[in-house]
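Undergrad: Okay, handing you the structure first.
Protein chains: 2
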Amino acid sequence: MKVKAIFYHAGCPVCVEAEQQFATSLDSSRYAVEIVHLGTAKNRVTEAEKFGVKSVPALVLGGRPFHINFGAPLSALK
Amino acid sequence: MKVKAIFYHAGCPVCVEAEQQFATSLDSSRYAVEIVHLGTAKNRVTEAEKFGVKSVPALVLGGRPFHINFGAPLSALK
Chain L
4 MKVKAIFYHA
14 GCPVCVEAEQ
24 QFATSLDSSR
34 YAVEIVHLGT
44 AKNRVTEAEK
54 FGVKSVPALV
64 LGGRPFHINF
74 GAPLSALK
Chain A
4 MKVKAIFYHA
14 GCPVCVEAEQ
24 QFATSLDSSR
34 YAVEIVHLGT
44 AKNRVTEAEK
54 FGVKSVPALV
64 LGGRPFHINF
74 GAPLSALK
């Protein structure tokens with residue numbers, strides 16, 4: 004079964020670069036990657052917070068948050 | 004040809020987690036991943052700086068730096 008990977012972003016330039024370079028580099032035979040734009044899917048901000056996400060872009064892998072560079076704090080997306 | 008990916012770390016707990024969860028998740032058919040411990044390979048700190056790495060753990064993908072969470076500043080490894 005594939006491990007779930009969720010890439011949270013907000014459309015910022017730092018986010019876009021991380022998405023293009025990073026989210027696409029995962030091994031798709033092992034990871035099911037979902038890309039979530041928190042600017043448009045505001046109902047998922049709480050979900051991201053529960054994983055420990057503090058800023059975007061961030062990738063949640065196996066339930067653990069990994070912040071990639073820094074685009075915007077989660078608080079700016081509420 | 005595979006894209007070169009360099010994962011820089013310093014053996015810190017944040018680094019180890021990022022290495023185990025992250026560096027191993029890249030698609031090995033597309034990326035040649037090298038793992039560099041800057042605490043022991045101090046001669047490579049300058050190389051990391053040239054890529055724009057400011058802290059570890061960091062992954063350089065296609066020449067661009069991506070800082071993953073925060074373990075230690077590069078300045079602490081000189």
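Protein chains in written order, with the numbering used here: chain L, 4 to 81; chain A, 4 to 81. Beta carbons are placed, not taken as given, at the ideal position from N, Cα and C, and that holds for glycine.
1. Which residues does DSSP pair with residue 68 (chain L) in a beta bridge?
2. For the alpha helix (DSSP H) that residue 53 (chain A) lies in, which residues bound it at each end?
3. Taking the continuous alpha helix (DSSP H) assigned at residue 17 (chain A), which residues delimit it?
4. I need the straight-line Cα distance from residue 41 (chain L) to residue 35 (chain A), nearest angstrom please.
5. With DSSP run on the structure shown, which of helix, strand or coil describes residue 45 (chain L)?
6. With burial defined as no fewer than 16 other Cβ atoms inside 10 Å of the residue's Cβ, what is the status of residue 66 (chain L): buried or exposed?
7. Report back the beta-carbon spacing between residue 59 (chain A) and residue 77 (chain A) to the nearest angstrom; my notes put them in contact at under 8 Å.
8. Less than 8 Å between CB atoms is the rule here; does residue 12 (chain A) satisfy it with respect to chain L?
9. Per the contact definition of three or more C-beta pairs closer than 8 Å, is the stretch 23-31 of chain A in contact with the stretch 20-38 of chain L?
10. Between residue 80 (chain A) and chain L, is the shortest Cβ-Cβ distance under 8 Å, so that the two count as touching?
11. Grab me the residues of residue 47 (chain A)'s own chain with a C-beta within less than 7 Å of its C-beta, minus the 5 sequence neighbours each way, in chain order.
12. In the structure shown, what three-state DSSP assignment does residue 58 (chain A) receive?
TA: To lay it out plainly:
1. Answer is L:63, bridged to residue 68 (chain L).
2. It spans 48-53 - the alpha helix (DSSP H) in which residue 53 (chain A) sits, taken as one unbroken run.
3. Element bounds for residue 17 (chain A): 16-24.
4. As the crow flies, the alpha-carbon of residue 41 (chain L) is around 32 Å from that of residue 35 (chain A).
5. In this structure, residue 45 (chain L) counts as helix in the three-state DSSP scheme.
6. Exposed: under 16 other Cβ atoms inside 10 Å.
7. Rounded, the Cβ-Cβ distance is 7 Å, consistent with contact.
8. No, no contact with chain L.
9. The stretch 20-38 of chain L makes contact with the stretch 23-31 of chain A: 3 or more CB pairs, one atom from each, lie closer than 8 Å.
10. With 8 Å as the cut-off, residue 80 (chain A) does not count as an interface residue toward chain L.
11. For residue 47 (chain A), where only same-chain residues beyond five positions count, the Cβ hits under 7 Å are 39 and 41.
12. Of the three classes helix, strand and coil, the one that applies to residue 58 (chain A) here is strand, per DSSP.
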